[in-house]
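Following: one structure in structure tokens, then a few remarks.
2 protein chains.
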Amino acid sequence: MPPESPTSLLSPARSPRPFTTTGQRTVDRTTRHSETRYGNRPTMKDVAARAGVGLKTVSRVVNSEPGVTPDTERRVQEAIDALGFRRNDSARVLRKGRTASIGLVLEDLADPFYGPLSRAVEEVARAHGALLINGSSAEDPEREQELVLALCARRVDGLIVIPAGDDHRYLEPEIKAGIATVFVDRPAGRVDADMVLSDSFGGSREGVAHLIAHGHRRIGFIGDQPRIHTATERLRGYHAAMTDAGITVEDGWVSLGTTDPGRVRAAAEAMLGGPEPVTALFAGNNRVTVTAVRVIAERERPVALVGFDDIELADLLGITVISQDAAAVGRTAAEHLFRRLDGADHAPARVELPTTLIPRGSGELPPA
Amino acid sequence: MPPESPTSLLSPARSPRPFTTTGQRTVDRTTRHSETRYGNRPTMKDVAARAGVGLKTVSRVVNSEPGVTPDTERRVQEAIDALGFRRNDSARVLRKGRTASIGLVLEDLADPFYGPLSRAVEEVARAHGALLINGSSAEDPEREQELVLALCARRVDGLIVIPAGDDHRYLEPEIKAGIATVFVDRPAGRVDADMVLSDSFGGSREGVAHLIAHGHRRIGFIGDQPRIHTATERLRGYHAAMTDAGITVEDGWVSLGTTDPGRVRAAAEAMLGGPEPVTALFAGNNRVTVTAVRVIAERERPVALVGFDDIELADLLGITVISQDAAAVGRTAAEHLFRRLDGADHAPARVELPTTLIPRGSGELPPA
DNA sequence: CATTGCGTTGACAACGTTGTCCAGGGCCTA
DNA sequence: TAGGCCCTGGACAACGTTGTCAACGCAATG
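Those protein sequence lines, which keep their order, are chains A and B.
Take the first sequence: its letters are residues 5 to 372, numbered as in this note's numbering.
Take the second sequence: its letters are residues 5 to 372, numbered as in this note's numbering.
Right, here's the structure in full:
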């Protein structure tokens, strides 16, 4: 067995020390670096020289390993403070093989759904002494791959990916090489791995059924690009609910495309106009909902609305939503990941988290 | 206390290498790989052996350096694909001295103000070929320091910090060692560095003056902890506006503390109750605004409100706000940082970005 | 007194990559 | 054909750290 594992890379072994004003940087490092070198930081070697001890002893002190006399430790610590030494984790990682960091690739950190998700992942990572690196794919498969591979090159211990693309075979060598991977929100493409999903189908079906239960039969659906798994699942839920009620979906009731406000607006206005307009809308995600709310607010005739994903202040606006708990999704995914990292070796699992219908008024309006 | 990870961060003991000399062929190397041993990734050495070329030639191919015959390149590329090789950036960083990554320490990624900010920083970083690592300090100075130093240990090239604490002398050795640092949203404590701030004082003053202009004289202020610079600046702006109008601020009109919804609610209700209630509220940040809107919505009598920071859907709710452009703040900070990294050597600058008053109704209500 | 044992310490190699430098071969020119 | 040059490729050291192992001093033991 390897000896007792030293501390994580995230939390320095030593508690933060108050700044000491004793420091003058006067180590003789005349020709050690070429002068072009950026950031000429002291190394353990420098600390050792200044403290008059061996290199390894400095390493011991820095990592709080046993077997150092209090007196020696004090001398080393003084040298560390004087020089402003800080361990170089790149070198450490190279030697130890683990980075104590995980990567999270999501769509857009600015999206209010992903912020809390990321934060939840961060907290779990922190509890495991790991740092989180997240990147935004901007829903671009190529950028997703670029990001993921950059993270792999940095040898993150694990990856959480919210897929933008639908083919993740490029990850196979990485997964084989030992990078634990969990896919979130949408299933992985052509790769066998853990997944944590929300019940898009069920949630959507419930939401549409809710509208039907309140008397609607002409219901419009506005969703994201069909390339995105959750978008098609939600559409499937819509169709299922309509079919359950024996309603035939008419042309023009369904719009799939970007979530770009302009297009959503156009789609919504088209559905709400004409001789036989829809009386209710189902919005496929939070951004669609926001635009839909704006469009509806401008209209004379009330239009019922249920949105997928909760929105801040939706309670005050009385918007009925299908809520998925972003933080719970992130937490679950992160916990799965760390279970893997701790050695869990079972077959890839697929977890589906339930959604909740939150009635707040807009979904309970009767047909106009 | 940062949790110490008791789990083994160590990679499992490597199988002993049967040889270390250079001339030998690689039979057992390839065998080793096909064993699918986890955590044992192929290196350039392995690729070189398989392609029958030298180590440095592989490095050249991987980095698209010139001086490699197309035929050789092809052979190397095949070996790379066959083995699933990926360059180890830790080793690369160790050698090159630059990590091509920057760190961003903010308060809470789940906060709708920081999501867009982080995203803007990410985009600038990406344009400069750098990766962004962000961490949440949860407004805890100790955690901020812990995070910052962990990022320094990873040798990020630069740091963007939204300070939680008010003493950043611990960063001095790092800054001296060449880690470019920009402070955002709040000034650095006892350290001379670049700063990008919003005009909290001016914005707040304008917002309160706006309420006064609409006839209010009894105006309450609810803000964040006075430890936080923006909180005191906004309070200062409030006092300035009141003084400008010749109004004496009464006890009980000002509440500083956490942004915890419960306490904000209590504070707001206290101000709005009693024999001589305030007729308007100024909310010191987005979270306070959200709670204030809820409290006001429950009341019979209309209460005017201006909030600092914009909120999604605030237009539909008719909330008047002082808006600061989070993305612009992030972008500006990141651009400053990269200018430093590209060699800019001028004295630390202090940029102050303007705020905008957006009237939407709640701030234009007359006193009840 | 010699020996054992333990606790402390440091020399050294290795982690995987890149910069430097030199060797060898092919080709062009005189 | 000889000499020189360019182009390709590889050997080697270094980056800063940690694991291994052996040496040392000292005390307790036989």
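No residue lacks a Cβ here, since even glycine has one placed at the ideal position from N, Cα and C.
Q. CA-CA distance, arginine 158(A) and arginine 173(A)?
A. 19 Å
Q.
Beta carbons nearer than 8 Å to chain B: which residues of the stretch 261-292 of chain A have them?
A. none
Q) Between alanine 197(B) and proline 352(B), what straight-line distance do the alpha-carbon atoms span, to the nearest angstrom? A) 5 Å
Q: Spatial neighbours of proline 265(B) within its chain, please: CB distance less than 6 Å, with the 5 preceding and 5 following residues excluded, ordered by chain position.
A: Thr295
Q | Beta-carbon separation (whole angstroms), valine 128(A) vs phenylalanine 342(A), contact threshold 8 Å | A | 7 Å
Q. Ordered along the chain, which non-local residues of its own chain (more than five positions away) have a Cβ less than 6 Å from that of glycine 261(A)?
A. Arg267
Q) From the beta carbon of valine 97(A), is the nearest beta carbon of chain B less than 7 Å away? A) yes
Q. From this set, Val310(B), Ala114(B), Ala83(B), Ile315(B), which residue's C-alpha is nearest histidine 214(B)'s C-alpha?
A. Val310(B)
Q: Along the alpha helix (DSSP H) that carries glutamine 63(A), what are the first and last residues, could you check?
A: Note that residue 63(A) is serine in the sequence shown, not glutamine. Serine 63(A) -> alpha helix (DSSP H) spans 59-66.
Q) Applying the criterion that 16 or more other CB atoms from any shown protein chain within 10 Å of the CB defines a buried residue, is alanine 181(A) buried or exposed? A) buried
Q: Could you spell out where the alpha helix (DSSP H) holding glutamate 69(A) opens and where it closes?
A: Glutamate 69(A) -> no alpha helix (DSSP H), and no H or E assigned at all.
Q. What do you reckon, is the C-beta of glycine 56(B) under 6 Å from a heavy atom of the ligand SAM?
A. Here there are no bound small molecules, and the ligand SAM is not part of this structure.
Q.
Any beta carbon from chain B within less than 7 Å of proline 120(A)'s own beta carbon?
A. yes
Q) In chain order, what residues of the stretch 303-321 of chain A put their CB closer than 9 Å to some CB of chain B? A) Ile315, Glu316, Leu317, Ala318, Asp319, Leu320, Leu321
Q. Is there contact here, the stretch 90-108 of chain A with the stretch 301-319 of chain A, by at least three beta-carbon pairs under 8 Å?
A. no
**Q.** glutamate 237(B), buried or exposed, once every other Cβ within 10 Å from all chains shown has been counted against 16
**A.** buried
Q: Assign glutamine 328(A) to one of two classes, buried (16 or more other C-beta atoms within 10 Å of its C-beta) or exposed (fewer than that).
A: buried
Q) Given glycine 207(A), which residues of its chain have a CB within under 6 Å of its CB, disregarding the five upstream and five downstream residues? A) Ile326, Thr359
Q. In this structure, what does DSSP give as the bridge partners for methionine 199(B)?
A. Phe187(B), Arg354(B)
Q) If you compare alpha carbons, which of Gly88(A), Pro167(A), Asp171(A), Asp203(A) is closest to valine 186(A)? A) Pro167(A)
Q: Determine the chain A residues that contact aspartate 112(B) at a beta-carbon separation under 9 Å, and present them in chain order.
A: Gly119, Arg123
(Q) Measuring CB atoms only, is the stretch 292-307 of chain A touching the stretch 77-87 of chain A, in the sense that at least three cross pairs come out at less than 8 Å? (A) no
Q. Lysine 60(A) to arginine 45(A), Cα distance in whole Å?
A. 18 Å
Q.
Can you confirm whether alanine 157(B), when its beta carbon is compared against all beta carbons of chain A, has any partner nearer than 7 Å?
A. yes
Q) Do three or more CB pairs link the stretch 113-123 of chain B to the stretch 116-125 of chain A at distances below 8 Å? A) yes
Q | Supposed close pair serine 204(B), leucine 357(B) - CB separation, criterion 8 Å | A | No, serine 204(B) and leucine 357(B) are not in contact; Cβ-Cβ is about 10 Å, not under 8 Å.
(Q) I'd like the list of long-range same chain contacts for asparagine 290(B), defined as Cβ closer than 8 Å, with 5 residues on each side in sequence excluded. (A) Asp115, Pro116, Phe117, Gly311, Phe312, Asp313, Asp314, Ile315
Q. Just checking my contact of alanine 124(A) with alanine 308(A) at CB under 8 Å: how many whole Å lie between their CB atoms?
A. That belief does not hold up - the Cβ atoms of alanine 124(A) and alanine 308(A) are roughly 32 Å apart, past 8 Å.
Q: Give every residue of the same chain whose Cβ lies closer than 6 Å to the Cβ of valine 258(B), excluding the five residues on either side of it in the sequence, and list them in chain order.
A: Phe225
Q: Would you list, in chain order, the members of the stretch 56-72 of chain B that have their beta-carbon closer than 9 Å to a beta-carbon of chain A?
A: none
Q) Residues of chain B with a CB under 7 Å from the CB of serine 298(A): which are they? A) It is arginine, not serine, that sits at residue 298(A) in the sequence shown. Those are Leu320, listed as they occur along chain B.
(Q) I'd like to check one pair, threonine 283(B) with arginine 364(B): are the Cβ atoms closer than 7 Å? (A) no
(Q) In the DSSP assignment, the beta strand (DSSP E) including phenylalanine 89(B) goes from what residue to what residue? (A) First-last for phenylalanine 89(B): undefined, no H or E at that position.
Q. Buried or exposed: which applies to glutamine 229(B), given that a residue is buried once 16 or more other Cβ atoms fall within 10 Å of its Cβ?
A. exposed
Q. Measuring CA to CA, which of Ile179(B), Gln81(B), Glu146(B), Val65(B) is closest to arginine 344(B)?
A. Ile179(B)
(Q) From the DSSP secondary-structure annotation, give me the bridge partner or partners of threonine 252(A). (A) Paired residues: none, contrary to the question.
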